[in-house]
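Have a look at the structure below, then the notes.
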Amino acid sequence: MMARPPLVAGNWKMNKTVAGALRLVEEMLPGLQAVGGVEKLLCPPAPALMPLSAILDGKNIGLGAQNLYWEKEGAYTGELSAAMVKEFCQYVILGHSERRAIFNESDADIQRKVQAALAAGLRPVLCVGETLEQNEAGRAAEIVSSQLRAALEGAQVDSAEALVIAYEPVWAIGTGKAATPEATNTLLRNVVRPTLAGLFGEHVATSVRVLYGGSVNAANGASFFAETEIDGALVGGASLKAQEFVGIVQAAQQK
Ligand code: PGA
């Protein structure tokens, strides 16, 4: 078994009704199942989690939610608790830049969500990344490191499987302008893993999976997976197209 098995996750965002989700999964299932050695994860909108969990049962394809709320239960209209997510999911995406920017999630909110997820036995896919402005000001390293430390402060992460990090530069998300694999690899090596080492020690830092996200598609996936520090991808737009997503999963098999 490889130290860090590649992981390809699809973030469907606010796309697909249950009927549409079922059609998309049906279309991609044969292609996904034909690829071994790559962990596959689908993160559809919440209503599709229950039907997909039944369909994917025993098929070695994971499910993740796109958000949760940290309180256990009660008067929080519109929210999902970690326990509700855990009924159907192994993972939960937290700290996505759209949540930070559109829904004003703070580092402190994300920290609470990470802790609630871990306490419920869910694996956070924690997203971090700098904006274009921050990138152009040469602040990518500082922003990524501070987002990681803020979100993970006080978290009990004793095994590498408990957590996945997704480095997603905001300027690369949904723009068709992916970061370069080389620059991403350098940032993962010089910033993400050392920050994780400072928080959880060398062992966790070298064994946690770190994904790249931002305009990944079937054509450019392999160039990211060729880099030593990049353990997979968090895919938005291309995860809504069966052939594209299967193509990315196939590219990850070369790792
Ligand atoms: P994208 O989105 O692949 O459409 O750029 C990635 C993400 O937001 O996770």
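For the sequence shown, position 101 matches number 108 in my numbering, and the numbering has no gaps at all. C-beta: ideal position from N, C-alpha, C; glycine also. The structure displayed is predicted, hence computed values, not measured ones.
Which stretch, first to last residue, makes up the alpha helix (DSSP H) that contains residue i?
i      : result
Glu140 : 139-143
Ala169 : Looking at the DSSP string, Ala169 is not in any alpha helix (DSSP H), and its letter there is neither H nor E.
Val25  : 25-40
Ile68  : Per DSSP, Ile68 belongs to no alpha helix (DSSP H); it is in the beta strand (DSSP E), 68-72.
Asn192 : 188-194
Arg11  : Looking at the DSSP string, Arg11 is not in any alpha helix (DSSP H), and its letter there is neither H nor E.
Ile180 : Element bounds for Ile180: n/a, residue is neither H nor E.
Gly208 : No alpha helix (DSSP H) contains Gly208, which DSSP labels as neither H nor E.
Val121 : 114-126
Can we count residue i as close to the ligand PGA, meaning its CB is less than 7 Å from some heavy atom?
i      : result
Gly181 : yes
Gly221 : yes
His210 : no
Leu241 : yes
Asn227 : no
Glu175 : yes
Gly71  : no
Ala245 : yes
Asn111 : no
Asn18  : yes
How would you write the range of the beta strand (DSSP E) that residue i sits in, first residue to last?
i      : result
Pro131 : 130-135
Val99  : 98-101
With which residues is residue i paired in a DSSP beta bridge?
i      : result
Ala240 : Val15, Tyr219
Tyr83  : Its beta-bridge partners do not exist; DSSP assigns none.
Leu49  : Gly17, Leu70
Sufficient close CB pairs (3 or more, under 8 Å) joining the region 115-130 to the region 92-102: yes
Any 3 or more C-beta pairs closer than 8 Å across the region 197-213 and the region 221-230: no
The region 238-248 contacting the region 167-181, beta-carbon criterion three pairs below 8 Å: yes
Stretch-stretch touch, CB-based, cutoff 8 Å, three pairs: the region 94-105 with the region 35-44: no
The region 162-171 in contact with the region 119-126 per 3-pair CB rule at 8 Å: yes
The region 44-62 in contact with the region 20-28 per 3-pair CB rule at 8 Å: yes
The region 106-113 touching the region 142-150, judged by at least three CB pairs closer than 8 Å: no
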